[in-house]
């Protein structure tokens, strides 16, 4: 999968919650032990840290906030380089690949926020993605031994 195609020179994203009434009700907070046990092997540590960082910020700004990309990359331990192949854009792309974030449809956005990332505040059980998890975690989640 190609890395997230951010506009050239983009150093900010507007981040807002990705509302989903079902997942918001039954899902797990990205900062929870559940996500660490069952999503970490699927998303990888950088994407998990990014989700935790963004959800923490959404607690303080529930309608959304401007995310400084170089500062965020530094905060989660990634380099500040912002090329398409750099670690941070690939981390955002991985979140999008696994359905924990998405780029908002530009037609639904206010003009003040041309590049918006919607992020799930809660994660559903990783159905269909358990093959990436260690066998011990798969059997623990599914109740098989």
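Residue numbers (the working numbering): 959 to 1103.
Backbone N, C-alpha and C fix where the C-beta goes; we use that ideal spot for every residue, glycine too.
Where do the N-terminal and C-terminal ends of the beta strand (DSSP E) with residue 1024 fall, by residue?
As a position in the chain shown, residue 1024 is number 66, starting the count at 1. Its beta strand (DSSP E) spans residues 1023 to 1026.
Tell me residue 1076's beta-bridge partners as DSSP assigns them.
One-based indexing of the chain shown puts residue 1076 at position 118. Its beta-bridge partners are 974, 1060.
List the whole-angstrom C-beta distance separating residue 1046 from residue 1027, where the pair is believed to meet the contact cut-off of C-beta under 8 Å.
The residue given as residue 1046 occupies position 88 in the chain shown. The residue given as residue 1027 occupies position 69 in the chain shown. Correct: roughly 6 Å between the Cβ atoms.
Tell whether a beta-carbon distance below 8 Å holds between residue 982 and residue 1079.
Walking along the chain shown from the start, residue 982 turns up at place 24. Walking along the chain shown from the start, residue 1079 turns up at place 121. Cβ distance < 8 Å, so residue 982 and residue 1079 count as in contact.
Taking the Cβ atom as the reference point for each residue, do residue 976 and residue 1059 lie within a distance shorter than 8 Å?
By one-based count along the chain shown, residue 976 stands at place 18. By one-based count along the chain shown, residue 1059 stands at place 101. Going by C-beta atoms, residue 976 is nearer than 8 Å to residue 1059.
Is DSSP giving residue 1036 helix, strand or coil here?
Locating residue 1036 in the chain shown gives position 78, where the first residue counts as 1. In this structure, residue 1036 counts as coil in the three-state DSSP scheme.
State yes or no: is the C-beta of residue 988 within less than 8 Å of the C-beta of residue 1081?
What you label residue 988 is simply residue 30 of the chain shown in a count that begins at 1. What you label residue 1081 is simply residue 123 of the chain shown in a count that begins at 1. Against a cut-off of 8 Å, the Cβ pair of residue 1081 and residue 988 comes out as a contact.
Residues bridged to residue 1081 [DSSP beta-bridge criterion]
Walking along the chain shown from the start, residue 1081 turns up at place 123. Note: residue 1081 sits in a beta bridge opposite 986.
Tell me which residues share the same chain as residue 970 and place their Cβ nearer than 7 Å to its Cβ, disregarding the 5 neighbours each side in the sequence.
Counted from its first residue, the chain shown places residue 970 at position 12. Cβ within range, chain order: 1024, 1025, 1026, 1027.
For residue 967 and residue 984, I'd like the C-alpha separation in whole angstroms.
What you label residue 967 is simply residue 9 of the chain shown in a count that begins at 1. What you label residue 984 is simply residue 26 of the chain shown in a count that begins at 1. The alpha-carbon atoms of residue 967 and residue 984 are separated by roughly 38 Å.
In the DSSP assignment, find the unbroken alpha helix (DSSP H) run with residue 1017 in it and report its ends.
Numbered from 1 along the chain shown, position 59 holds the residue referred to as residue 1017. Its alpha helix (DSSP H) spans residues 1003 to 1018.
Three-state class that DSSP yields for residue 961 in the structure shown
Looking up residue 961 in the chain shown gives position 3. In this prediction, residue 961 scores a pLDDT of 46, lower than 50, which makes its location untrustworthy; the coordinate-derived value is nonetheless stated afterwards. Here residue 961 sits in coil by DSSP.
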